[in-house]
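S.K.: Here you go, one structure.
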Amino acid sequence: MIDNKTSDFIKSSIGSDFDFSIILGSGLKPLLSSITDTIKIPYKEIPGFPVSTVKGHHGQIVAGCIGQKKVIGFDGRFHLYEGYHLNEVIQPVIVSDALGVKNLIVSNAAGGIQMDMSVGDIMFIKDYINFQHCEIDIKGDNNGSIDGALLTSAREIALQSEIAVKEGVYVGVLGPTFETPAEYKMFHRFGGDAIGMSTVPELMVAKVLGMDVFAVSVIVDIGYPTSEIIEISHDIVLDEAEKAAPKLLQIVEKLIELN
23 MIDNKTSDFI
33 KSSIGSDFDF
43 SIILGSGLKP
53 LLSSITDTIK
63 IPYKEIPGFP
73 VSTVKGHHGQ
83 IVAGCIGQKK
93 VIGFDGRFHL
103 YEGYHLNEVI
113 QPVIVSDALG
123 VKNLIVSNAA
133 GGIQMDMSVG
143 DIMFIKDYIN
153 FQHCEIDIKG
163 DNNGSIDGAL
173 LTSAREIALQ
183 SEIAVKEGVY
193 VGVLGPTFET
203 PAEYKMFHRF
213 GGDAIGMSTV
223 PELMVAKVLG
233 MDVFAVSVIV
243 DIGYPTSEII
253 EISHDIVLDE
263 AEKAAPKLLQ
273 IVEKLIELN
């Protein structure tokens with residue numbers, strides 16, 4: 023799953039025994055702003071590691087500390103629609119496991135398909151629906167639900183911090199096109215609450231590897247129940263995600279401090 027040259031290069035550059043790993047979604051770079059004593063490695067310098075091609079994914083590892091915890095951040099993820107193989111898409115999780123990480127934070131920008139959602143909402147992911155047609159070739163438990171200590175802790179932090187959050191089911195699709203109104207309606211009827219083009223492969227492999235996972239979506243557009251066609255573009259996604267990032271950062275900082 024991972025080339026020894028890849029893991030050896032990263033370990034020699036930033037060390038190992040990290041407490042947390044953070045995988046960033048589009049426009050959510052501010053989630054790494056609290057990392058101190060940073061060491062940055064461009065993906066293109068890492069042997070055998072993929073390179074981000076999507077705008078807003080800067081393509082670098084950012085390692086350091088948040089408080090007393092060692093954190094590795096992946097500023098740029100990989101998508102199946104970029105033409106990458108599944109084993110390449112999940113490399114940030116595989117690398118995190120090789121560096122000793124047991125706690126994973128996965129973020130994304132998503133379209134809302136829940137009745138009471140608004141742009142800028144934060145949705146904690148409690149389960150997912152896999153429409154990306156991917157299966158992880160690693161033996162282990164993968165029941166889909168996200169119900170560990172990190173999610174419980176995040177709920178308590180949001181409540182104490184008076185930050186309103188939603189909870190729901192994330193629908194992972196291939197992309198790269200945005201959904202039609204009919205597709206939004208269909209995925210809502212299937213039980214989805216938010217929809218995006220990433221995250222599911224990372225959650226699948228993290229569960230199999232025994233990691234505790236906190237997965238979260240920032241809602242950047244609303245696709246249902248509105249009957250109107252709302253303009254959406256990748257630039258709008260980046261802009262709305264960046265606006266919501268400070269609220270999410272409060273939760274992430276406290277989550278890392280307490281776990």
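So for the sequence shown, this note's numbering puts the first residue at 23; every next one is plus one.
Note that beta-carbon positions come from the ideal geometry of N, C-alpha and C, so glycine has one too.
Quick caveat, the model's predicted, so the values are computed rather than measured.
For V123, collect the residues of the same chain with a Cβ closer than 6 Å to its Cβ; drop the 5 residues on either side in sequence, then sort them by chain order.
M.R.: F40 and S43
S.K.: By a C-beta neighbour count over all protein chains shown, 10 Å radius and 16 as the cutoff for buried, is P137 buried or exposed?
M.R.: Checking the sequence shown, residue 137 turns out to be Met, not Pro. When all chains shown are included, M137 counts as exposed.
S.K.: Would you say the region 79-95 touches the region 196-215, given that touching needs at least three Cβ pairs under 8 Å?
M.R.: no
S.K.: Round the Cβ separation of F146 and V195 to the nearest angstrom and send it over; I've been treating them as touching at under 8 Å.
M.R.: So it is not a contact: roughly 20 Å between Cβ atoms.
S.K.: Quick one: what's G95 bridged to in DSSP?
M.R.: DSSP output for G95 lists I44 and V84 as bridge partner(s).
S.K.: Between Y192 and S239, how many whole angstroms is the CB-CB distance? I'm expecting something under 8 Å.
M.R.: Between S239 and Y192 the Cβ distance is about 6 Å, and since that is below 8 Å, they are a contact.
S.K.: So, at 6 Å on beta carbons, what are the nonlocal neighbours of V222 in its own chain, with the 5 sequence-adjacent residues on each side left out?
M.R.: Y150, N152, Q154 and G194
S.K.: State the start and end residues of the unbroken beta strand (DSSP E) segment that holds I63.
M.R.: For I63, the enclosing beta strand (DSSP E) begins and ends at T58 to P64.
S.K.: Using 8 Å as the cut-off, can you tell me whether the region 24-33 makes contact with the region 57-76, which would need three or more C-beta pairs spanning the two stretches below that distance?
M.R.: yes
S.K.: Which value, in whole angstroms, describes the spacing of the CA atoms of A180 and G47?
M.R.: 20 Å
S.K.: Going by the CB atoms, is the gap between I135 and F209 shorter than 8 Å?
M.R.: yes
S.K.: Report buried or exposed for K66, applying the criterion of at least 16 other Cβ atoms within 10 angstroms of its Cβ.
M.R.: exposed
S.K.: Taking all protein chains shown into account, do 16 or more other C-beta atoms lie within 10 angstroms of the C-beta of E178, making it buried, or fewer, making it exposed?
M.R.: exposed
S.K.: Take every Cβ of the region 215-231, pair it with every Cβ of the region 53-62, and state whether three or more of those distances are shorter than 8 Å.
M.R.: no
S.K.: Taking 8 Å as the CB-CB limit, is G37 close to chain B?
M.R.: Structure shown: chain B not included; a single protein chain is present.
S.K.: For N281, which three-state DSSP category applies?
M.R.: coil
S.K.: Starting from K148, trace the alpha helix (DSSP H) both ways and give me its first and last residue.
M.R.: Looking at the DSSP string, K148 is not in any alpha helix (DSSP H); the run it does join, the beta strand (DSSP E), is I144 to F153.
S.K.: Since A216 sits in a beta bridge, which residues does DSSP pair it with?
M.R.: DSSP, once it has assigned bridges, lists G134 and Y192 as partnering A216.
S.K.: With a 10 Å radius around its C-beta and 16 neighbouring C-beta atoms as the bar for buried, classify A132 as buried or exposed.
M.R.: buried
S.K.: Helix, strand or coil for V128? Go by DSSP, reduced to three states.
M.R.: strand
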